[in-house]
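Have a look at the structure below before the remarks.
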Amino acid sequence: SIMMSVRVAPFGERKRQRLVVGRDITKVFHLNMIRRDFVANASHELRTPLTVIAGFVENLASSALTPEIHRRPLSLMENQTNRMRTIIEDLLTLSRLELEDTASNLEPVNIPQEIEQVVADARTLSAGDHAIALDLDRDLMLIGNQSELRSAISNLVFNAVKHTAAGSKVRVLWHDEPGGPVFQVADDGPGIAPEHIPRITERFYRVDKARSRASGGTGLGLAIVKHVLSHHDALLSIASDPGQGTTFTCRFPQESRLRRHDQLPQAPA
Ligand code: ADP
Numbered sequence: 173s174i175m176m177s178v179r180v181a182p183f184g185e186r187k188r189q190r191l192v193v194g195r196d197i198t199k200v201f202h203l204n205m206i207r208r209d210f211v212a213n214a215s216h217e218l219r220t221p222l223t224v225i226a227g228f229v230e231n232l233a234s235s236a237l238t239p240e241i242h243r244r245p246l247s248l249m250e251n252q253t254n255r256m257r258t259i260i261e262d263l264l265t266l267s268r269l270e271l272e273d274t275a276s277n278l279e280p281v282n283i284p285q286e287i288e289q290v291v292a293d294a295r296t297l298s299a300g301d302h303a304i305a306l307d308l309d310r311d312l313m314l315i316g317n318q319s320e321l322r323s324a325i326s327n328l329v330f331n332a333v334k335h336t337a338a339g340s341k342v343r344v345l346w347h348d349e350p351g352g353p354v355f356q357v358a359d360d361g362p363g364i365a366p367e368h369i370p371r372i373t374e375r376f377y378r379v380d381k382a383r384s385r386a387s388g389g390t391g392l393g394l395a396i397v398k399h400v401l402s403h404h405d406a407l408l409s410i411a412s413d414p415g416q417g418t419t420f421t422c423r424f425p426q427e428s429r430l431r432r433h434d435q436l437p438q439a440p441a
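Under the UniProt record's numbering, the residue at position 42 of the sequence shown is numbered 214, and the numbers go up by one with no gaps.
Have a look at this one:
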């Protein structure tokens with residue numbers, strides 16, 4: 173017989189109890205749990221020293237007293253510390269998402285508003301190189317976790333800008349279908365070859381590592397999207413024709429739909 177750790181305390185308290193079960197898949201489960209804790213702890217431990225270093229580097233890089241000869245190396249160090257911060261933040265986001273099976277803090281989320289804010293930032297990043305068009309049902313909201321949904325929207329919209337050349341078109345769609353609300357980001361960029369699609373949501377999986385790095389990518393974005401969607405019982409589908417573009421579609425369940433003027437169910441008195 174094999175020992176398996178199960179979580180007994182609700183809401184993520186770290187108390188565990190032993191339970192005897194008969195099969196070996198428990199090992200995988202256990203190793204996964206160890207990996208998850210390790211990633212969460214490592215990211216957390218790295219964050220503090222990095223914040224200190226980044227602070228000093230930033231001060232030195234912008235100080236009038238810094239000798240000219242140190243300016244370029246300092247500005248390179250500043251870029252790299254910022255890059256590490258982004259990776260660590262994404263790792264922390266991912267490990268937080270992995271701790272729970274479903275989204276918590278559910279509330280009505282104004283998706284059209286979230287999309288508009290994300291798109292405003294994406295337009296800044298693109299600096300006019302991309303035409304981003306919106307097709308939004310303004311009255312359609314969603315019951316969900318706001319910050320999780322925002323990060324999913326943001327990763328998909330930013331990917332469409334980061335992984336396509338200047339002059340590309342991006343279309344962001346949010347509308348209601350009989351099956352439930354649908355969020356979609358489509359671009360007319362280089363596309364993703366079919367052999368990569370099944371693995372594209374794995375952490376750190378990138379079609380072209382050098383390119384992804386150059387565009388500021390961490391390789392964690394789609395892994396984050398996948399977890400957020402599974403927290404919301406939503407489905408992700410990816411359609412791509414190499415050379416023609418890529419379309420990411422997120423289908424949310426009917427029950428999560430909310431019209432702007434609908435009454436929320438009243439809590440029992
Ligand atoms: P990254 O930080 O590199 O964007 P992601 O997990 O978000 O990591 O995406 C994984 C990889 O999927 C990217 O490196 C890129 O190769 C590919 N990819 C994602 N979105 C697109 C897109 N819209 N067009 C083409 N390739 C994409």
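Where a beta carbon is used, it is the ideal one built from N, C-alpha and C, also for glycine.
Cβ neighbours of residue i in the same chain (closer than 7 Å, five flanking residues each side left out)
| i | result |
| --- | --- |
| Ser384 | Arg378, Gly391 |
| Phe183 | With a pLDDT of only 43 at Phe183, under the threshold of 50, the placement of this residue in the model should not be trusted, and no figure is reported. |
| Leu203 | none |
| Glu329 | Note on residue identity: the sequence assigns Val, not Glu, to residue 329. Excluding positions up to five away in sequence, the list reads Val290, Val291, Ala294, Val344, Val357. |
| Lys405 | With the sequence shown as reference, residue 405 is identified as Asp, and Lys is not the correct amino acid for it. Correct list, in chain order: Pro425. |
Beta-carbon separation (whole angstroms), residue i vs residue j, contact threshold 8 Å
| i | j | result |
| --- | --- | --- |
| Gly316 | Ser428 | 6 Å |
| Glu250 | Ala233 | 5 Å |
| Arg208 | Ser267 | 6 Å |
| Glu302 | Val333 | For the sequence presented, residue 302 should be read as His rather than Glu. Yes, they are in contact, since the Cβ atoms of His302 and Val333 sit about 5 Å apart, within 8 Å. |
| Arg295 | Ile304 | 6 Å |
| Ile287 | Leu218 | Not confirmed; about 32 Å, so no contact. |
| Val281 | Leu321 | 5 Å |
| Asp360 | Gly300 | That belief does not hold up - the Cβ atoms of Asp360 and Gly300 are roughly 17 Å apart, past 8 Å. |
| Val229 | Thr253 | 6 Å |
| Leu314 | Pro353 | 6 Å |
| Val211 | Leu263 | 6 Å |
| Thr238 | Ile396 | Actually they are not in contact, since the Cβ atoms of Thr238 and Ile396 sit about 37 Å apart, beyond 8 Å. |
| Thr373 | Leu394 | 4 Å |
| Ala324 | Leu246 | With a Cβ gap of about 35 Å, Ala324 and Leu246 do not count as contacting. |
| Met256 | Leu222 | 6 Å |
| His433 | Thr274 | With a Cβ gap of about 27 Å, His433 and Thr274 do not count as contacting. |
Close Cβ partners of residue i (< 8 Å) along its chain, the five nearest in sequence each way excluded
| i | result |
| --- | --- |
| Gly258 | In the sequence as presented, Gly is not what sits at residue 258; that position holds Thr. Once the five neighbours on either side are set aside, the close Cβ partners of Thr258 are Gly388, Thr390. |
| Arg371 | Tyr377 |
Cross-strand partners of residue i (DSSP beta bridge)
| i | result |
| --- | --- |
| Thr421 | Gln356, Ser409 |
| Glu349 | Gly352 |
| Asp307 | Leu345 |
| Glu367 | According to DSSP, Glu367 bridges with nothing at all. |
| Glu279 | Gly316 |
| Arg383 | Paired residues: none, contrary to the question. |
| Leu297 | For Leu297, which the question treats as bridged, DSSP gives no partner whatsoever. |
| Arg429 | Leu314 |
Own chain partners of residue i with C-beta closer than 6 Å, once the 5 adjacent residues on each side are dropped
| i | result |
| --- | --- |
| Leu269 | His399 |
| Leu306 | Val344 |
| Pro414 | Gly363, Ala365 |
| Arg431 | Asp311 |
| Ser412 | Gly363, Ile364, Thr418 |
| Ala338 | Asp301 |
| Ala226 | Thr253 |
| Thr336 | Asp359, Gly361 |
| Ser326 | Val290 |
| Phe355 | Trp346, Cys422 |
| Gln318 | Val281 |
The ligand COA heavy atom lying under 8 Å from the CB of residue i
| i | result |
| --- | --- |
| Lys334 | Inclusion of the ligand COA in the displayed structure is not the case, the ligand content consisting of the ligand ADP alone. |
The region 279–297 in contact with the region 340–357 per 3-pair CB rule at 8 Å: By the Cβ criterion, the region 279–297 is in contact with the region 340–357, since at least three pairs of Cβ atoms, one from each stretch, lie closer than 8 Å.
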